[in-house]
Amino acid sequence: MCKNPTFGNSNRRFVRFLAPDYADSVSLPRQSSSGEYLPSAREVSMSVHTDSDKPHTHVTFVLAIFGEFVYHDLAHVAQSAGYQGSRIKCCGVEKQQFHPECYPIRVPSSDPVFGRRNQNCMEYTRSSTAPRIGCTLGPESKSIR
1 MCKNPTFGNS
11 NRRFVRFLAP
21 DYADSVSLPR
31 QSSSGEYLPS
41 AREVSMSVHT
51 DSDKPHTHVT
61 FVLAIFGEFV
71 YHDLAHVAQS
81 AGYQGSRIKC
91 CGVEKQQFHP
101 ECYPIRVPSS
111 DPVFGRRNQN
121 CMEYTRSSTA
131 PRIGCTLGPE
141 SKSIR
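Going by the UniProt record's numbering, the sequence shown opens with residue 1, and the numbers climb by one from there.
In structure tokens, the structure reads:
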């Protein structure tokens, strides 16, 4: 008999090791300690990954496999969807039609990949939510696909 039959099941809440840290303690993305927006994910990625074509002699192919493992684990968090499961469009949308689950990633004009294409936005919707245990009030819980 299984002691935890719901662990890892789909359509369940994603269990976190750390408590969520939302700006409003419920669902708004966090901000800096001064209340400003944090840098976009693309800006952080470009700052961290500066050596694009330099092979690392001290790592093996196992690192790539581990990266895939982490990606596939994170990719199983369900994304918010539009009407009848349609994809939500976040970039180039008028303010009055902007979906509340949209959090597009700002792309700086200096971006070496997207800047050349004059792309200043990357589509991104928030993860879908799941009910909290006992339907209590509190921070959003993310849903496992």
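Idealized CB from N, CA, C, for every residue including glycine.
Roughly how many angstroms separate the alpha carbons of residue i and residue j, rounded to a whole number?
i, j, result
"Q97", "P55", "45 angstroms"
"L18", "Q31", "17 angstroms"
"V26", "H58", "42 angstroms"
"P29", "E101", "11 angstroms"
"Y22", "G138", "11 angstroms"
"R106", "S33", "20 angstroms"
"residue 146", "A75", "Residue numbering for the chain in the displayed model covers 1 to 145; residue 146 lies beyond these limits and cannot be assessed."
Since I believe residue j is in contact with residue i (beta carbons under 8 angstroms), could you give me their beta-carbon distance rounded to a whole number of angstroms?
i, j, result
"F61", "S141", "Rounded, the Cβ-Cβ distance is 36 angstroms, inconsistent with contact."
According to the neighbour-count rule (16 or more other Cβ atoms, all chains shown, within 10 Å of its Cβ), is residue i buried or exposed?
i, result
"I88", "buried"
"T50", "exposed"
"V48", "exposed"
"R42", "buried"
"P53", "First, the residue type needs correcting, since residue 53 is Asp and not Pro in the sequence shown. Under this definition D53 is an exposed residue."
"S45", "exposed"
"D73", "exposed"
"D111", "buried"
"S143", "buried"
What span of residues does the alpha helix (DSSP H) with residue i cover, start to end?
i, result
"Y22", "Premise fails: Y22 is in no alpha helix (DSSP H) and is neither H nor E."
Keeping to the same chain, check which residues put their C-beta closer than 6 angstroms to that of residue i; ignore five residues upstream and five downstream.
i, result
"C90", "C102, P104, E123"
"S80", "E101, T125, R126, S128"
"S109", "G115"
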